[in-house]
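Heads up: the sequence shown begins at 4 in our numbering, then just goes up one per residue. Think of the CB as a built atom: it goes at the ideal place given N, C-alpha and C, for glycine as much as any other residue. Since the structure is predicted, the reported quantities are computational estimates derived from the model, not experimental observations.
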Amino acid sequence: MSSILFAAGSICLLYFLLLAMKHVDFCIIWLLEAIALYAWGSYLRHRMLHPEGWAIPTVISALLVVGLLAGGVSFVITEGKMIAAMSSHTKENLEYLIVLGAQVKKTVPSKALRLRLETACEYLEEHPNTRAVLSGGQGSGEEITEAACMYQYLTEAGIPKSQLLLEKRSTTTRENLVYSAQIIADSRKEQSTDRIWNCSVGLVSNNFHIYRAVKLAEKAGYQKVYGIAAPSDWKLQIHYMVREYFAVIKAKIRGDI
């Protein structure tokens, strides 16, 4: 058993190093996982070689087991919901899309954002009556707003400017959705967002993000909201899925979903 744990720890450590070289956010979780697996394996080997030696108190062992089981069940259920949302059928003839922003490298979309834009572009070409809110402010290392970057990409791809609306203030997914509602209301010359919640809206994001994005939208007040899943980098898919689990838990604790 200890050998299996050491092997799993080595895989996690290698994955951490690969992610760290790419400067991927939240990659530290894999280093912590590696340390935990090495520690667990070392403890089991110690107990095997020295059965009469020091041991973790029974109460603490029981609490650790219960915690691991609860965490495992929560992880499996949440990941199952995320996978189901990833594969949901794309709704046709939506009134609006909200394209959720992602990292911009100076003025160029990151791979994650480019994949979202390719998906949005395809939908807008097939549904010329659908308008898109390009939602995203300006973050660290970004010379322009994410919304401006998306606007440039889509107009260069041939999407009419009249089909696009820009939301340039948001820095979180929740802000994307709240501020985009106001942009939609303004485009319809509504005095408030009260009458726009019943509009049919599609959320364009990478597949792992769809479940949380839709739940956040429903909590914000959207009544007809649908996920439109763009692909993600397959080399980072496992990391994104694990990272997104913690984002979902955080959102639940804060009452955002």
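Please go through the same chain and pick out, in chain order, the residues whose beta-carbon is closer than 6 Å to the beta-carbon of isoleucine 231, but skip the five residues on each side of it.
Thr93, Gly205, Val207
Can you give me the C-alpha to C-alpha distance between tyrosine 248 and serine 173, rounded to a whole angstrom?
22 Å
Looking at arginine 117: is its Cβ nearer than 9 Å to the Cβ of valine 102?
no
Tell me whether glutamate 221 sits in a helix, a strand or coil according to DSSP, three-state version.
Helix.
Would you check if there are 3 or more beta carbon pairs closer than 8 Å linking the stretch 208-215 to the stretch 79-93?
Cβ pair count under 8 Å is three or more, so yes.
Lysine 114 - containing alpha helix (DSSP H), residue span:
114-129
Among Pro54, Ile59, Lys114, which has the Cα closest to the Cα of valine 27?
Lys114
What's the gap between the Cα of arginine 215 and the Cα of valine 62?
36 Å
Within 10 Å of its beta-carbon, does arginine 134 have 16 or more other beta-carbons around it, so buried, or fewer, so exposed?
buried
Stretch pair the stretch 33-51 + the stretch 66-83: three plus CB contacts closer than 8 Å
no
Close Cβ partners of leucine 264 (< 7 Å) along its chain, the five nearest in sequence each way excluded:
Because the chain in this structure spans residues 4 to 260, residue 264 falls outside the shown range and cannot be described.
In its own chain, which residues sit with a C-beta less than 6 Å from the C-beta of glutamine 106, not counting the 5 before and 5 after it?
Ser113
Here's the rule: buried if 16 or more other CB atoms are within 10 angstroms of the residue's CB, otherwise exposed. What is threonine 81?
It counts as buried.
Residue interval of the alpha helix (DSSP H) (run including isoleucine 260):
Run containing isoleucine 260: none; DSSP gives neither H nor E here.
Alanine 10, DSSP secondary structure in three states:
helix
Residue interval of the alpha helix (DSSP H) (run including lysine 227):
Unbroken run through lysine 227 is the beta strand (DSSP E), 227-233; no alpha helix (DSSP H).
Count the C-beta pairs between the stretch 166-183 and the stretch 134-147 that are closer than 8 Å, then say yes if the count reaches three, no if not.
yes
Give the single residue among Ala188, Thr196, Ala42, Ser91 whose Cα lies nearest to the Cα of glutamate 233.
This sequence places alanine at residue 233; glutamate is not what is there. If we check each option's Cα against that of alanine 233, Ser91 comes out closest.
Extent of the continuous beta strand (DSSP E) to which threonine 205 belongs:
This sequence places glycine at residue 205; threonine is not what is there. Element bounds for glycine 205: 203-209.
Determine the DSSP secondary structure at leucine 103, reduced to helix, strand or coil.
In this structure, leucine 103 counts as strand in the three-state DSSP scheme.
Within a Cβ cutoff of 8 Å, which residues of the same chain sit near threonine 122, ignoring the five residues on either side of it in sequence?
Once the five neighbours on either side are set aside, the close Cβ partners of threonine 122 are Val207, Ile231, Ala232, Ala233, Pro234.
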